[in-house]
Structures are given as structure tokens and as C-alpha cells.
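Undergrad:
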């Protein structure tokens, strides 16, 4: 029986440490319903931001396409002006 008593004390101490660790974790986590609501809000924000990013990237591509078209038109206009000036000289 002498071996059982120290082991029982060790088990009791380990259980107390475990209970303390669980209490600490629960106090850090807070109310599970609040945590779930915060997670849902974060997921909704993430989804909204992803949609905004997709829209911004699409708009950027559209603007780049328009810039390319404008650059080509400007280059053609410059060539026409140069050709016209070359004929006048």
C-alpha cells in the first residue's frame, strides 16, 4: 500500500494541474457563443473582402485593356502627325 499512496498523490496533483490548465484555456477562450459569433463575423468579412478583391482585380484588368487601346491609338496618331509633317517639309 505504501506505493499506492504516493502514486495517488501524484495523480491528484496531475489532475489539479489539468483542471487549472483547463480553467486557464476556458478563461482565455471566453464564452463559446461569443467566440462562434466572432468567427462568423470574421468569415463574413473575409468573404466580403475576397469579393471586393475580385472586383478590384477585374476593374484593374479592364483599365489596363483601356490603357493599352489608348496607347495604341495615341501611337497611331503620332505616326499620322509625323507623316503629315514629313510631307509638308
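Residue numbers (the numbering used here): 64 to 152. The C-beta atom is built at its ideal place from N, Cα and C for all residues, glycine as well.
1) Tell me which residue opens and which closes the alpha helix (DSSP H) that residue 93 is part of.
2) Excluding five sequence neighbours on each side, which residues of the same chain lie with their C-beta closer than 7 Å to the C-beta of residue 88?
3) Could you tell me whether the Cβ atoms of residue 188 and residue 104 are closer together than 8 Å?
4) Taking the alpha-carbon positions, what's the residue 145 to residue 124 distance?
TA: Once the coordinates are examined:
1) As a working note, residue 93 is residue 30 in the chain shown. Here residue 93 belongs to no alpha helix (DSSP H), and DSSP marks it neither H nor E.
2) For the purposes of this step, residue 88 is taken as the residue at position 25 of the chain shown. So the list is empty, once near-sequence residues are dropped.
3) Limits of the chain in this structure are 64 at one end and 152 at the other, which puts residue 188 out of reach.
4) Here residue 145 refers to the residue found at position 82 of the chain shown. Here residue 124 refers to the residue found at position 61 of the chain shown. In a straight line, the C-alpha of residue 145 is about 31 Å away from that of residue 124.
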